[in-house]
Amino acid sequence: MQSALATAETDVLAVAPSEQMLRAIVDVVTTADRTLPPVAVLVSERVLKLVTDDFLAASRMADLVDDGALSLSSLSVPADNSLLVWPDGVYAIVSAGDQVAALAADDESFINAINTTYRTTLEGTAAVSLRTPPLSAVEEALIEDISEQCHDDFISILTAAESIGAMDKVDEVVTSLLAAARNDVLLYDISRWGEDVGVASKATFSRAKSRLENAELIRTEKVPIDVGRPRLRLTLPEEYDSLDDSALVTAVAESL
């Protein structure tokens, strides 16, 4: 499927992708070594939620939507098969374990009928709005508002959490706090960044900080300011500060 999509020369319509297929589409469009034709996706709410619950996948999709490389529309009526549709071709997508294959149709009348059916459906369906901010905006704001090193740690910890399947515990908010603690950043600064860019509210950051602190995964130090209550500087305990990203993610996920 990836090779069929990567070599596309005309606009592509993906119909009823599975979670695995939608993730593959995002990966192909994101990593392609050339500008691919726009990909429109008719996707069920269930599959879209499964993918957008993953911050990295959702924020990458948001980048593609912002760039006009991808559009998402809700498929309210179940389709019989997952399809990739071109004006002159149709591929049925078949999954077997971790592998996905694209089987080509060669009947011209069938191809025309599929195009008519699903492109008409697409025209009559409103685009889905993603609530996750684009990853590029998140990264740019983190570098500008906090530091480049905090940005690097945020991405590397988040990537480690994704690779070992720990994002249900070490999500984007927890990752932000861990990266901030690794760089001695104030809770006020990281939570303001998170709220401003659309990662989460300050209250969500505060609750996550309390969970991490109660589990002794981070520490806080009071920093006096001229007016108002002291602010809290986040730090990592020595035993966690020395861990690499994967070991840190594993330790945090187990403790939480």
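1354 is the number of the first residue of the sequence shown in this note's numbering; add one for each residue after it. Glycine included, every Cβ here is placed at the ideal spot set by N, Cα and C.
For V1430, which three-state DSSP category applies?
Translated into positions along the sequence shown, residue 1430 becomes position 77. Of the three classes helix, strand and coil, the one that applies to V1430 here is coil, per DSSP.
With distances taken between CB atoms, is the gap from L1366 to Y1444 smaller than 8 angstroms?
By one-based count along the sequence shown, residue 1366 stands at place 13. By one-based count along the sequence shown, residue 1444 stands at place 91. Note that the C-beta distance between L1366 and Y1444 is not below 8 angstroms.
Taking V1538 and P1486 to be in contact with their CB atoms under 8 angstroms, please state how far apart those CB atoms are, rounded to whole angstroms.
Stepping through the sequence shown from its first residue, residue 1538 is reached at position 185. Stepping through the sequence shown from its first residue, residue 1486 is reached at position 133. V1538 to P1486, Cβ: 19 angstroms. No contact.
Euclidean distance between Cα positions of D1524 and L1511
Position 171 of the sequence shown, counted from the first residue, corresponds to residue 1524. Position 158 of the sequence shown, counted from the first residue, corresponds to residue 1511. Their backbone Cα atoms lie some 7 angstroms apart in a straight line.
Going residue by residue through the region 1531 to 1596, where are the continuous beta strand (DSSP E) segments of at least 3 residues, counting only ones entirely within it?
Within the region 1531 to 1596, the complete beta strand (DSSP E) runs of at least 3 residues are 1572 to 1576 and 1584 to 1588.
Sufficient close CB pairs (3 or more, under 8 angstroms) joining the region 1416 to 1434 to the region 1492 to 1511:
no
Measuring straight from C-alpha to C-alpha, what distance separates G1442 and A1494?
To locate residue 1442, count along the sequence shown from 1; it is residue 89. To locate residue 1494, count along the sequence shown from 1; it is residue 141. One C-alpha to the other measures close to 42 angstroms.
Taking only the alpha-carbon atoms, compute the straight-line gap between R1484 and T1384 and give it to the nearest angstrom.
Taking the sequence shown and counting its residues from 1, one reaches residue 1484 at position 131. Taking the sequence shown and counting its residues from 1, one reaches residue 1384 at position 31. In a straight line, the C-alpha of R1484 is about 23 angstroms away from that of T1384.
L1409, enclosing alpha helix (DSSP H) - first and last residue
Looking up residue 1409 in the sequence shown gives position 56. Here the alpha helix (DSSP H) through L1409 covers F1408 to D1420.
Can you tell me which residues form a DSSP beta bridge with V1368?
The sequence position of residue 1368 within the sequence shown is 15, counting from 1. L1395 and L1436, per the DSSP bridge assignment.
Please list the terminal residues of the continuous beta strand (DSSP E) segment that includes V1523.
Taking the sequence shown and counting its residues from 1, the one referred to as residue 1523 is at position 170. Neither: V1523 is in no beta strand (DSSP E) and is coded neither H nor E.
Under a three-way DSSP split, which group does V1443 fall into?
What you label residue 1443 is simply residue 90 of the sequence shown in a count that begins at 1. Of the three classes helix, strand and coil, the one that applies to V1443 here is strand, per DSSP.
Taking DSSP as the reference, what is the three-state secondary structure of S1424?
Taking the sequence shown and counting its residues from 1, one reaches residue 1424 at position 71. Correct three-state label for S1424: strand.
Inter-residue CB distance, E1574 and T1588 (contact presumed, cutoff 8 angstroms)
Here residue 1574 corresponds to residue number 221 of the sequence shown, with the count starting at 1. Here residue 1588 corresponds to residue number 235 of the sequence shown, with the count starting at 1. That belief holds up - the Cβ atoms of E1574 and T1588 are roughly 6 angstroms apart, short of 8 angstroms.
Return the chain-ordered list of same chain residues with a C-beta closer than 8 angstroms to the C-beta of E1548, the five sequence neighbours on each side being excluded.
Within the sequence shown, the letter at position 195 stands for residue 1548. Closer than 8 angstroms at Cβ, skipping near neighbours: S1554, K1555 and F1558.
Exposure of V1576, with buried meaning 16 or more beta-carbon neighbours within 10 Å:
On the sequence shown, position 223 is the one that residue 1576 refers to. With fewer than 16 Cβ atoms within 10 Å of its Cβ, V1576 is classed as exposed.
For A1454: DSSP bridge partner residues:
Here residue 1454 is taken as the residue at index 101 of the sequence shown, counted from 1. In the DSSP output, where bridge partners are listed per residue, A1454 has V1447.
Kindly list the residues whose CB is nearer than 7 angstroms to the CB of T1474, restricted to its own chain and excluding five residues on each side of it in sequence; keep chain order.
In the sequence shown, residue 1474 corresponds to position 121, counting from 1. Closer than 7 angstroms at the Cβ level, and outside the excluded window around T1474, lie L1395.
Using 10 angstroms around the beta-carbon of P1370, count the other beta-carbons present and answer buried if the total reaches 16, otherwise exposed.
Mapped onto the sequence shown, residue 1370 falls at position 17. Taking every protein chain shown into account, the CB of P1370 has 16 or more other CB atoms within 10 angstroms, so this residue is buried.
Could you give the first and the last residue of the continuous alpha helix (DSSP H) run that contains V1481?
Along the sequence shown, one-based indexing puts residue 1481 at 128. Per DSSP, V1481 belongs to no alpha helix (DSSP H) and is neither H nor E.
For I1499, which residues of its own chain have a beta-carbon under 8 angstroms away from its beta-carbon, when the five flanking residues on both sides are left out?
Against the sequence shown, residue 1499 aligns to sequence position 146. Contacts found: A1533, N1536, V1538, D1542, I1543 and W1546.
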